[in-house]
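> Be aware that the sequence shown starts at 0, since it is given in this note's numbering, and climbs by one per residue. Submitted below is the structure of interest, expressed as structure tokens.
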Amino acid sequence: MENKKELEQITNCALCANMCKHGCPVYLATGNETVTPQKKARLILYEKKAFIEDEKGFFDVMFQCAMCGACKLNCLYDNFDLRDFIQKERNEAFKKGILPDETRKRVETFARFGNPNGERRLIQKGEGEIGYFISCSTYSDQQLLKAVERILAKNGDHVQEFGGGDICCGAPLYYAGDSEGFKKAAGKMKEKIEQRKLQKVIISCPTCIKMMTEIYPEVGVHLDIEFIHITKFLHTLLKEGKITVNKVNATATFHDPCILAKELGITTIPRDIIKMLGFELKEPIYLGKEAHCCGGVPGGRIGDSKLVSKVNAMRINELKETAADVYISACPTCKAVLSDMDMKDIAEVVAEQIIDG
């Protein structure tokens, strides 16, 4: 352990009552005690004391985590985030080359194409000081991209669209433990944004915003511009009357993306937008910051697809209990992972109701 404070923190977590497990989607979906936050902390403590013999098994457990932040939300200790310790173990796993097969393959794809999905085409449209960054997950969803473009066309300000190809926030590398690769991706993103002389960047993907505003500075990459999640942008357009919409006579359930709710604190704005469109909200049992992960947070998706499927199935069942007419989220990855229940992104729902003219 790097210092006495960290040793004290991980020991406190390892010896805690483990009540936070009741908010952990990985534990709730699997029932496996080994993957609970407290048990992970205990394994980390044992590893630091050289009690661990199965190094690969240890690192596999470190990748069986969504990195969604539910444990931090339910933690008794101030200024402690177990994810910081798990991330350090992932970094160590990468250095030693002891990665889960799926993680290794995604890192290899990123190294070849500059993104985790093997996309080749670079997108560059429009001009102006406001940008819309097309994240990897947005790029993979042409229906969502068309909806965003329709909304941007109605906005009075000129907006540059850019993304695809080798432009990625680097989150898959970060969560895979490739700290050097992530730093390079962050540097490239800074370069691409500064080349375009942007003052403000709108993004649909909450993880991208977290990377650029919180994690980039940790590796020495600082961007002196404003990053806005698309829900805030849509909310402003609707409030200022820059776009007018039809009123819908239907019910809707909103799924809160982990990073958007727990990290960025955006929970009421998406619901306000849905109400502006005329929908009656039908809330799931777990909502807002307490909402369970869809299974798609890159922290978990990078490691174990079988685990992701179990977390995903649990969240789908929770959402379906509302029996709403429409299911909406505000994260391209959530939409993709929850596709079995015909999930829509909030930008698509807004675009569908825009009144032309």
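Glycine included, C-beta positions come from ideal geometry on N, C-alpha and C.
Could you name each continuous beta strand (DSSP E) segment of 3 residues or more that falls completely within the region 102-161, going from the start of the chain to the end?
Complete beta strand (DSSP E) runs here, min 3: 121-124, 129-133.
> Just tell me which of 220, 181, 17 has its CA closest to the CA of residue 106.
Nearest of 220, 181, 17 to residue 106, Cα basis: 181.
> Return the CA-CA distance between residue 72 and residue 79, expressed in angstroms with no decimal places.
If I take the Cα positions, the gap works out to 10 angstroms.
> Does DSSP put residue 342 in a helix, in a strand, or in coil?
The answer is strand: DSSP assigns residue 342 an E or B state.
> Since residue 306 and residue 29 are thought to touch, with beta carbons under 8 angstroms apart, how far apart are those beta carbons, to the nearest angstrom?
Contact flag correct, Cβ pair sits at about 7 angstroms.
> Taking the beta strand (DSSP E) that residue 253 falls in, what are its first and last residues?
Per DSSP, residue 253 belongs to the beta strand (DSSP E) from 250-253.
> If you draw a straight line from the C-alpha of residue 198 to the C-alpha of residue 170, how long is it?
Using only the alpha carbons, I get a separation of about 22 angstroms.
> My parser needs the beta strand (DSSP E) runs of 3 or more residues fully inside the region 225-283; what are they?
Fully enclosed beta strand (DSSP E) runs of 3 or longer: 225-228, 250-253.
> Could you have a look at residue 201 and say whether DSSP puts it in helix, strand or coil?
If DSSP states are grouped into helix, strand and coil, residue 201 belongs with the strands.
> Going straight from the alpha carbon of residue 205 to that of residue 343, what length do you get?
Each residue's Cα considered, the two are about 16 angstroms apart.
> List, from N- to C-terminal side, the alpha helix (DSSP H) runs of 4 residues or more that fit wholly inside the region 44-100.
The qualifying runs are 54-61, 69-72, 81-95.
> At which residues does the beta strand (DSSP E) containing residue 327 begin and terminate?
Here the beta strand (DSSP E) through residue 327 covers 325-328.
> Measuring straight from C-alpha to C-alpha, what distance separates residue 340 and residue 223?
About 39 angstroms.
> What's the C-alpha gap between residue 319 and residue 196?
Taking the straight line joining both Cα atoms gives about 44 angstroms.
> Considering Cα atoms alone, identify which of 41, 142, 25 is closest to residue 8.
Comparing Cα positions, the closest option is 41.
> Report yes or no: is there a C-beta of chain D within less than 8 angstroms of the C-beta of residue 213?
As a matter of chain content, chain D is missing from the structure shown, which is built from one protein chain.
> Between the C-alpha atoms of residue 251 and residue 194, what's the straight-line distance to the nearest angstrom?
Going from the Cα of residue 251 to the Cα of residue 194 covers about 41 angstroms.
> Give me whichever residues DSSP pairs with residue 163 in a beta bridge.
Bridge partners of residue 163: 121, 166.
> Can you tell which of 262, 309, 313, 256 has the C-alpha that lies nearest to the C-alpha of residue 286?
Ranking 262, 309, 313, 256 by Cα distance to residue 286 puts 256 first.
> With a Cβ-Cβ cutoff of 8 angstroms, do residue 92 and residue 58 count as a contact?
Yes, Cβ-Cβ distance for residue 92 and residue 58 is below 8 angstroms.
> Looking at the strands, I want to know which residues DSSP matches up with residue 353.
DSSP output for residue 353 lists 244 as bridge partner(s).
> Pick helix, strand or coil for residue 21, following the three-state DSSP scheme.
Looking at residue 21 - three-state DSSP - the assignment turns out to be helix.
> Out of 276, 110, 97, 34, which has the shortest C-alpha to C-alpha gap to residue 82?
Of 276, 110, 97, 34, the residue nearest in Cα terms is 34.
> On the premise that residue 345 lies in contact with residue 272, defined as a C-beta separation below 8 angstroms, what is that separation, rounded to the nearest angstrom?
Residue 272 to residue 345, Cβ: 6 angstroms. Contact.
> By DSSP, does residue 219 sit in helix, in strand, or in coil?
Note: residue 219 maps to coil in three-state DSSP.
> List the endpoints of the continuous alpha helix (DSSP H) containing residue 333.
Residue 333 -> alpha helix (DSSP H) spans 331-336.
> Could you give the DSSP three-state label for residue 314: helix, strand or coil?
Here residue 314 sits in helix by DSSP.
> Return the first residue and the last residue of the alpha helix (DSSP H) that residue 190 is part of.
Start and end: 178-194.
> Would you mind stating whether residue 157 and residue 117 have Cβ atoms separated by less than 8 angstroms?
No.
> Check whether the Cβ atoms of residue 54 and residue 97 lie closer than 8 angstroms to each other.
Going by C-beta atoms, residue 54 is nearer than 8 angstroms to residue 97.
> In three-state DSSP terms, what is residue 15?
Three-state result, residue 15: coil.
> Given residue 263, which residues of its chain have a CB within under 8 angstroms of its CB, disregarding the five upstream and five downstream residues?
So the list reads 205, 208, 209, 228, once near-sequence residues are dropped.
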